[in-house]
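Asker: Sharing a structure with you now.
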Amino acid sequence: MRPFTFTKAQDIHSAVKDISEKEHAKFIAGGTNLLDLMKIDVMQPQRIIDITGLALNKIEETEEGGLRLGALVTNADTAYNEEVHKRYPLLSHAILAGASPQLRNKATNGGNLLQRTRCYYFYDNTTPCNKRQPGTGCSAINGYNRMHAILGASEECIAVHPSDMCVSLAALGAVVQVEGPEGKRAIPFNDFHRLPENQPKKDSNLSENEIITSIDLPPEGFAENFAYLKNRDRASYAFALVSVAAGLQINKEKIIEARIALGGVAHKPWRDKKAETLLQNKEATKENFQKVADTILKGAKGYIYNKFKIELARRSIVRALMQAAKKE
Amino acid sequence: MATDYIGKPKNRIEGRDKVTGAAKYAAEFHEPDLLHGVVVSGAIAKGRIKNINTSKALELDGVVQVFTHENTPSLAWLDLSYKDMDAPPGDPFRPLHSDEIQFNMQPVALVVAKSLELAKYASHLVEVEYEEKEHDTKLIDNLEKSEKGIGLRAGFEPPKSIGDFEKAFDSAEVKLDLEYFHGAEHHNPMEMHASTVIYEEDGNLTIYDKTQGVLNSRHYVSMVFGISRKKIKVLSPYVGGAFGSCLRPQYQLFMAVLAATQLKRSVKVELTRPQMFSFGHRPITIQNLKIGASPDGRLKAIHHSAYSETSRFEKYIENIVNWSAKLYNCDNIEEKYRVVPLDMYTPLDMRAPGGATGVYALESAMDELAYKLKIDPLELRLKNYTEEDKSQGKPFSSKTLKECYRQAAERFGWENRNPEPGSMKEGHQLIGWGMATGIWDALQMPARAKAVLTADGKLEVGSATADIGTGTYTIMAQIAAETLGIPFENVTAKLGDSSLPFALIEGGSATAASVGSAVKSACLKVAKKLLKEAGKLKNSPFKGADLEDVIFADAKITDKKNAAWSISISEVMKKREIDKIKKKYALIPNMLKQNKYGRNTHSAVFAEVKVDEDLGTIKVTRVVSAIDGGKILNHKTAHSQILGGVVWGISMALEEDSFMDHNFGRFINHDLAEYHIAINADMPDIDILFVEEEDHIVSSVGAKGIGEIGLVGVAAAIGNAVYHATGRRIRELPITLDKAMGLHTAKAEQI
Amino acid sequence: MKENSNPGQSKPVPIKKEKINLTINGEKQEIKIEAWTSILDLLREHLHLTGTKKGCDHGQCGACTILLDGTRINSCLSLAVMHDGAEITTVEGLAKGDQLHPVQEAFMEHDAFQCGYCTPGQICSTIGLINEGKAKTLDEIRDLMSGNICRCGAYNNIVKVVQEALERNNQ
């Protein structure tokens, strides 16, 4: 990797100040993705600010009765946290479906949100990639695109966000708390990541000078009726081809609220709130689930190697909802 | 004390070193002021280097040198000098030789620096400008440019036809004509290729190399760099997996020696994981099987042809289509094999080269035939069972395949199988049972070994072979201890050292039969000497005795007829005042005898899969593998060998696929996150059994070699099980979930 | 050819050495290390503790697994400077004198390796898994041991070791 200056941030305020004043600076916490990319020269920060000393390492109750996940709590500690496990099992399941125990022990919640795509071409410096080097082109569109997007892609980029955790956070309707030089702001999860459009370089709407402080979970955890379904090329330690986070609130056979988020299909965890409303006051039947799946995938577009994902996503949505409804 | 060890499940003698971290691999030998070399890989598939700028790297404090084609001194003039013991016909790749780019990820520079971190950084600063030429890396588009798959290569058997296929096929009542395909694979041993060259004051080189043949590495270095073999010592005590990837000296060896000899410093070069995709792979094949049979299931005609890929500079050939004539009783067999030169590195022998892929197609086709005939797949195999190798018209040296079928089928519960596809289901999981046969060569190669017995009762045996995890250290010690009847703990086995007696590269499942037999013979020579010395003792009952008259056991020599006539080995040594008995043995296979027989190992593999009816996800849930591998020398390490083979089969069947992006002529999923290798969660219950028959035609120790047979046939058994589960024939590996759903991209559409 | 011929023009690499304290296999050490050095390279290249293996250097294989304050992590994706004060246990630190750790013994007994290269990582991962206390069923053991690739395919023997270790722990 390239040389960099290394400093340790003492508090959030100075961390944010530090990063705003310096160019090519990056925060580091778990480091599991940043160091990976620095080693292959895909990311070349000149300054590294270690934020692991900041007091963002707690899981605590929010005033609204939800749960606040500190940005520096590890993925493993989050997944195995008793409250999370009890009240937000969807989140626990999603985290444990991703990476490996060793990586989950190191990777933090904030870092999970900021992990970069696993697109082969993004990872290979010798090939054009608009995300890595804007303006060079997208090698995946006419290349090997098995892992790539079927929803919300642009002509400039068809990369997908690789996280499992984020798919469940999207379904749960989490809120990302961030702090920057201009102060604090709360970003609804759905607005946190973005679609590539004509700026694939940007993965999220977090500004370069902002730090994630926590991820807040709303009180409703869909703990009774949930499912996280992940399809991948081996049984563990592989990124999702298609994953589905599903949560249902059911009362007397009727669905009150449905949450459906997809992973491995878009530049961000994919959630279609309009489609979800189709299930309101409906019974939890396969037919109803198929309808909502069709709606979610209406605009889906496949490429040479990932066309199968459209049908796989359709079937996975139905399966996940059936599981969430405890119909199978 | 009992000193019979052969066949016993002994723990690995090097186990303690491996579980404590004491075992040292090629990149782990330290030396003060050791320099670190990092290779810069090329970015194009074909063309030339227009300009290479190393100044930014060289500017840095601590960067010692950057080697490129521009400043590499002219080495050996002839391509021939670069030919290693496993080189296929052609002109071997010469690293940093010229500006020509012959394949993607070709090494274009070596950065040498005082620390690894610095060398890595500096490697990013080397700027290369290329002049690109149009490349061709796609096999299927270039079949018309194919060449006959023949050439001289150790272990290669040219395809051979028997009888009259055309006529027999035409007249056959039942016919099949099928095409099979599989992707490229890379060996990916866990240890990345590395060489550490210690530059001695007198210019001698001690080289720790990741290799399956220390003598091959020494030969290569000697020839390429023009250094006397006497000045080179190659050591490879531990190899972190190889699977064929270390049969040939890879370019990290060249690089490390180049830097060390030029700088007169000790240098270590370790490749990166992406670079592990840059020097040879299991080649893609496109295979065609035509089978003609009678309605009652007799094979009348078999045509097996294959197209495969090679580089422009070497003609890589392997035995893909040669198996049906050894496996089945069929009189009309046609074998055709063609290779297509492409702009890629030469493919490289990978565990069961040719067999893993050729038998996959053959055994998949046999399953299809069974369904067409409405005959049980196992019954079809038994109906066409052969007691002779039809390709040569010779009996087998040994063969227990029939018993393998029987025992494995029984363990698996095959008789309860309903042949109807989709007939078994658990929730969403379709359950399928499939079976296949495996076959591989039972080879013996020339090998030398030494045995040294010292007065303290310790025995050292040695041969310049390798133990790549195969258990060679342990079986050498077992054979030696039992042959001389001394405690196992008193034996030391040495290998992976070029100063030891000659052994060929460790490959082809031949090491146990070759080195094992040489060790046994060397020990017998020691025994003979001991007996002679015992005979010289006063009033010795052993005077004039032959080895046949006595037993070497429990650290004693005992007369077979009169157990009271016994003397301990140490007493003989002491009384005869012998410090040391040192014997060498050179094994030359008895080809006259061996050539009268077909010599093969076999396996019967049964697999159960569960396939999700909607999502296509496949889980192998059960495998039973019965092995005809001759005498098993160590049941513990042999079990692990076959276990590993089965895991490889699962990985091959469902996951492994080095994807070449033909736009760039580059393997694009070049890391372990995206090149999927089976992991723990993929594992089924794996039941392994050995149907032993000592084969003294293949080797004096009775072993036939089991390094590859565990893999052969597994992918077919799994594919056949997927058909049984789903009713869907997938003639392409790996069988990923999209294929199981019937939704994958047709080959014609692929880039 | 000689070494780099322009030493006059050479410029220092802009990376600073930091001072950290680590307890490695029970031994407290003060270490001066450049910020870009991973724990893995610190162990292997600087301290010559080569028991911890490099199989990919990218968190994709698990060969570099160590115990950091008792927790299993990939040492290749950890900067040493970020772990001042930490306690590191590698495969070299598991045995007590000649007495192997029971998990090491079990790896030998069950032949839970062939080439031995992934073994230190598998062993540390097994101990980490036991410390975590989350794996109960066979499927859970398999999933929670999936961060360690074994190319030789010794998984089923490794699982036997883990099961045995968990049973021993429960007694």
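Order-wise, the sequence lines are chains C, G and Y. Just so you know, the first sequence maps onto residues 1 to 328 in full-length UniProt numbering. Just so you know, the second sequence maps onto residues 1 to 751 in full-length UniProt numbering. Just so you know, the third sequence maps onto residues 1 to 171 in full-length UniProt numbering. Heads up, the beta-carbon is just placed ideally off N, CA and C, and yes, glycines get one too.
Which same chain residues, not among the five before or five after V515(G), have their C-beta less than 6 angstroms away from its C-beta?
Answerer: Translated into the one-based positions of the second sequence, residue 515(G) becomes position 515. Around V515(G): A447, S463, T465 and A503.
Asker: Go through the region 414–441 of chain G residue by residue and report every complete run of the beta strand (DSSP E) that reaches 3 residues or more, in order.
Answerer: Correct list: 424–426 and 429–441.
Asker: Assuming T736(G) and D233(C) make a contact with CB atoms under 8 angstroms, what is their CB distance in whole Å?
Answerer: Translated into positions along the second sequence, residue 736(G) becomes position 736. Translated into positions along the first sequence, residue 233(C) becomes position 233. With a Cβ gap of about 6 angstroms, T736(G) and D233(C) count as contacting.
Asker: Which residues of chain G have a Cβ atom closer than 9 angstroms to the Cβ of E132(Y), listed in chain order?
Answerer: Position 132 of the third sequence holds residue 132(Y). Per Cβ cutoff of 9 angstroms: no residues; E132(Y) is ~16 angstroms from chain G at best.
Asker: In chain Y, which residues lie less than 8 angstroms from Y88(C) when you measure between Cβ atoms?
Answerer: Working through the first sequence from its first residue, we reach residue 88(C) at position 88. Those do not exist, as Y88(C) stays about 17 angstroms from chain Y at its closest Cβ, beyond 8 angstroms.
Asker: Short of 6 angstroms in beta carbon distance, which residues of its chain neighbour P7(Y), apart from the five on each side in sequence? Order them along the chain.
Answerer: Reading the third sequence from its first residue, position 7 is the one you call residue 7(Y). Legend: pLDDT at P7(Y) = 49, less than 50; position of this residue unreliable, value from coordinates given subsequently. The answer is none, since no qualifying residue turns up.
Asker: Secondary structure at residue 782(G), three-state DSSP: helix, strand or coil?
Answerer: Outside the modelled stretch of chain G, which goes from 1 to 751, sits residue 782(G), for which no answer is possible.
Asker: Taking 7 angstroms as the threshold (beta carbon to beta carbon), is P189(G) in contact with chain Y?
Answerer: The residue you call residue 189(G) lines up with position 189 of the second sequence. With 7 angstroms as the cut-off, P189(G) counts as an interface residue toward chain Y.
Asker: Within 7 angstroms of any Cβ in chain Y, is that where the Cβ of T32(C) sits?
Answerer: The residue given as residue 32(C) occupies position 32 in the first sequence. Yes, T32(C) counts as interfacial toward chain Y.
Asker: Use the C-beta contact count for R248(G): other C-beta atoms within 10 angstroms, 16 or more gives buried, fewer gives exposed.
Answerer: The sequence position of residue 248(G) within the second sequence is 248, counting from 1. So R248(G) counts as buried.
Asker: Using 8 angstroms as the cut-off, can you tell me whether the region 64–78 of chain G makes contact with the region 198–209 of chain G, which would need three or more C-beta pairs spanning the two stretches below that distance?
Answerer: Too few Cβ pairs lie closer than 8 angstroms, so no.
Asker: Quick one: residues in its chain with C-beta nearer than 7 angstroms to the C-beta of T137(G), no 5 flanking neighbours on either side, listed in chain order?
Answerer: Working through the second sequence from its first residue, we reach residue 137(G) at position 137. Excluding positions up to five away in sequence, the list reads A45, L342, D343, M344, M660, H662 and G665.
Asker: Do the region 20–37 of chain G and the region 102–120 of chain G touch if we need at least three Cβ pairs shorter than 8 angstroms?
Answerer: Yes: at least three Cβ pairs fall under 8 angstroms.
Asker: Considering Cα atoms alone, identify which of W323(G), Q275(G) and L643(G) is closest to E157(G).
Answerer: Your numbering for residue 157(G) matches position 157 in the second sequence. The shortest Cα separation from E157(G) among W323(G), Q275(G) and L643(G) belongs to W323(G).
Asker: Against R142(Y), what residues of chain G qualify as contacts under a CB-to-CB distance less than 7 angstroms, listed in chain order?
Answerer: As a position in the third sequence, residue 142(Y) is number 142, starting the count at 1. The contacting residues are N680, A681 and M683.
Asker: Going by DSSP, which residues form a beta bridge with N51(G)?
Answerer: Numbered from its first residue, the second sequence carries residue 51(G) at position 51. Note: N51(G) sits in a beta bridge opposite E129(G).
Asker: Leaving out five residues before and five after P95(G) in sequence, what residues of the same chain have Cβ atoms less than 6 angstroms from its Cβ?
Answerer: For this step, residue 95(G) is matched to residue 95 along the second sequence. Here the set comprises P107, Y251 and F254.
Asker: Could you tell me the boundaries of the beta strand (DSSP E) in which Q177(C) lies?
Answerer: Here residue 177(C) refers to the residue found at position 177 of the first sequence. Segment V175 to G180, the beta strand (DSSP E) holding Q177(C).
Asker: Check each residue of the region 40–56 of chain G: if its Cβ is closer than 7 angstroms to any Cβ of chain C, include it; give the result in chain order.
Answerer: From the region 40–56 of chain G, only A43 have a Cβ closer than 7 angstroms to chain C.
Asker: Compare the Cα-Cα distances from V126(G) to each of S171(G), L176(G), T54(G) and A451(G) and report the closest residue.
Answerer: Along the second sequence, one-based indexing puts residue 126(G) at 126. Cα-wise, what sits closest to V126(G) is T54(G).
Asker: Please classify K458(G): does DSSP put it in a helix, a strand, or coil?
Answerer: Taking the second sequence and counting its residues from 1, the one referred to as residue 458(G) is at position 458. Three-state result, K458(G): coil.
Asker: For the region 115–139 of chain C, enumerate the residues whose C-beta is nearer than 9 angstroms to any C-beta of chain G, in chain order.
Answerer: Cβ contacts with chain G: R118, Y120, Y121, Y123, D124, N125, T126, T127 and S139.
Asker: According to DSSP, is I12(C) helix, strand or coil?
Answerer: For the purposes of this step, residue 12(C) is taken as the residue at position 12 of the first sequence. Three-state DSSP puts I12(C) in a helix.
Asker: Applying a beta-carbon distance threshold of less than 9 angstroms, which residues of chain A neighbour A86(Y)?
Answerer: Among the chains of the structure shown, chain A does not appear; the protein chains present are C, G and Y.
Asker: Run through the region 184–233 of chain G for me and flag every whole alpha helix (DSSP H) of 4 or more residues, listed as ranges in chain order.
Answerer: 214–225, all fully within the region 184–233 of chain G.
Asker: Is the beta carbon of K450(G) closer than 7 angstroms to that of K584(G)?
Answerer: Along the second sequence, one-based indexing puts residue 584(G) at 584. Along the second sequence, one-based indexing puts residue 450(G) at 450. Contact: yes.
Asker: Taking Cβ-Cβ distances below 9 angstroms as the criterion, which residues of the region 142–168 of chain Y are in contact with chain C?
Answerer: Result list: R142, D143, L144, M145, S146, G147, N148 and I149.
Asker: Straight-line CA distance for K560(G) to I569(G)?
Answerer: As a first step, residue 560(G) must be located in the second sequence, where it is residue number 560. As a first step, residue 569(G) must be located in the second sequence, where it is residue number 569. Each residue's alpha carbon lies about 16 angstroms from the other.
Asker: Could you check if I317(C) is buried or exposed, using at least 16 other CB atoms within 10 Å of its CB as the buried criterion?
Answerer: What you label residue 317(C) is simply residue 317 of the first sequence in a count that begins at 1. So I317(C) counts as buried.
Asker: Mind checking who C129(C) pairs with in its DSSP beta bridge?
Answerer: Taking the first residue of the first sequence as 1, we reach residue 129(C) at position 129. C138(C), per the DSSP bridge assignment.
Asker: With the cut-off set at 7 angstroms, would you say A266(C) and A140(C) are in Cβ contact?
Answerer: Within the first sequence, residue 266(C) is the residue found at index 266, counting from 1. Within the first sequence, residue 140(C) is the residue found at index 140, counting from 1. Cβ atoms of A266(C) and A140(C): not closer than 7 angstroms.
Asker: Would you mind stating whether A99(C) and A681(G) have Cβ atoms separated by less than 7 angstroms?
Answerer: Along the first sequence, one-based indexing puts residue 99(C) at 99. Along the second sequence, one-based indexing puts residue 681(G) at 681. Not in contact: A99(C) and A681(G) (Cβ atoms no closer than 7 angstroms).
Asker: Am I right that Y208(G) and F29(G) are in contact with their C-beta atoms under 8 angstroms? What's the rounded C-beta distance?
Answerer: Numbered from its first residue, the second sequence carries residue 208(G) at position 208. Numbered from its first residue, the second sequence carries residue 29(G) at position 29. The Cβ separation is near 5 angstroms, so the contact holds.
Asker: Would I588(G) be called buried (16 or more neighbouring beta carbons within 10 Å of its own) or exposed?
Answerer: For this step, residue 588(G) is matched to residue 588 along the second sequence. I588(G) is exposed by the Cβ-count criterion.
Asker: Have a look at V81(Y) and M1(C) and give me their C-alpha separation to the nearest angstrom.
Answerer: Locating residue 81(Y) in the third sequence gives position 81, where the first residue counts as 1. Locating residue 1(C) in the first sequence gives position 1, where the first residue counts as 1. Taking the straight line from one Cα to the other gives about 15 angstroms.
Asker: Measuring straight from C-alpha to C-alpha, what distance separates N306(C) and L176(G)?
Answerer: In the first sequence, residue 306(C) corresponds to position 306, counting from 1. In the second sequence, residue 176(G) corresponds to position 176, counting from 1. Those two C-alpha atoms are separated by around 32 angstroms.
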